[in-house]
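J.: Got a structure for you, questions after.
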Amino acid sequence: MNLEELLAFAGRHPLLSLALAGLTAAIVFTEIARLFRGFKGLRPAELTALVNRDNALVVDLRPMADFEKGHIPGSKNVQLSQFDPESKQLAAAKALPVVLVCKTGQTASGAASRLKKAGFERVFVLDGGIHGWQQADLPLSRGRGR
């Protein structure tokens with residue numbers, strides 16, 4: 001296919017061409033925003049390694065009822081409404097890597113931005129949230145945790 005055929009296709013199918021351009025722009029924007037967000041996403045296996053290697057603090061932002069049904073072993077539950085980067089519990093962990101977990105990974109991104117603004121250096125979000133953890137067939141603990 002050459003440029004002439006491509007332009008002819010675009011002329012015959014303007015809505016498809018516009019949709020392709022829009023999707024391409026959205027993907028490029030999302031990837032550029034990801035580079036500048038200040039925190040990194042982790043896959044479940046990377047989270048396990050970070051906890052074992054660097055004693056990372058895992059903070060689960062889901063409601064207590066969801067946390068009690070199943071959470072990452074060793075994680076601490078902090079309600080999003082009570083999430084404060086300046087709290088004693090979190091401020092004491094400024095030197096540690098902090099990994100935020102929510103249901104799908106979206107809510108944790110906002111909390112991660114708040115931690116970065118508060119001066120936390122090593123902030124991570126679990127890609128896919130607790131659903132990603134479960135899809136990787138990794139274990140969950142039940143109850144209130146520690």
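Numbering (the UniProt record's numbering), first residue to last: 1 to 146. Just so you know, even glycine gets a beta-carbon here, dropped at the ideal spot from N, CA and C. Model, not experiment: these values are computed from the prediction.
Suppose the cutoff is 7 Å on Cβ atoms and the five residues either side in sequence are ignored; what does the same chain contact list for Pro139 look like?
T.: Pro73
J.: Taking the Cβ atom as the reference point for each residue, do Leu80 and Val101 lie within a distance shorter than 9 Å?
T.: no
J.: Can at least three beta-carbon pairs, one atom from the segment 126-135 and one from the segment 41-56, be found at a separation below 8 Å?
T.: yes
J.: Helix, strand or coil for Val78? Go by DSSP, reduced to three states.
T.: In this structure, DSSP gives Val78 a state outside helix and strand, which the three-state scheme calls coil.
J.: With DSSP collapsed to three states, give me the class of His13.
T.: coil
J.: Verify whether the separation of the beta carbon atoms of Pro85 and Ala118 is less than 9 Å.
T.: yes
J.: Applying the criterion that 16 or more other CB atoms from any shown protein chain within 10 Å of the CB defines a buried residue, is Arg62 buried or exposed?
T.: buried
J.: Inspect the beta-carbon positions of Ser17 and Phe29 and report whether they are closer than 9 Å.
T.: no
J.: Can you look up Leu47 in the DSSP assignment and give me helix, strand or coil?
T.: helix
J.: Looking only at C-alpha atoms, which of Lys69, His13, Thr104 sits nearest to Gly41?
T.: Thr104
J.: Under a three-way DSSP split, which group does Lys40 fall into?
T.: strand
J.: Please report the straight-line C-alpha distance between Ala26 and Leu15, rounded to a whole angstrom.
T.: 16 Å
J.: I'd like to know whether the C-beta atoms of Lys94 and Phe39 end up nearer to each other than 9 Å.
T.: no
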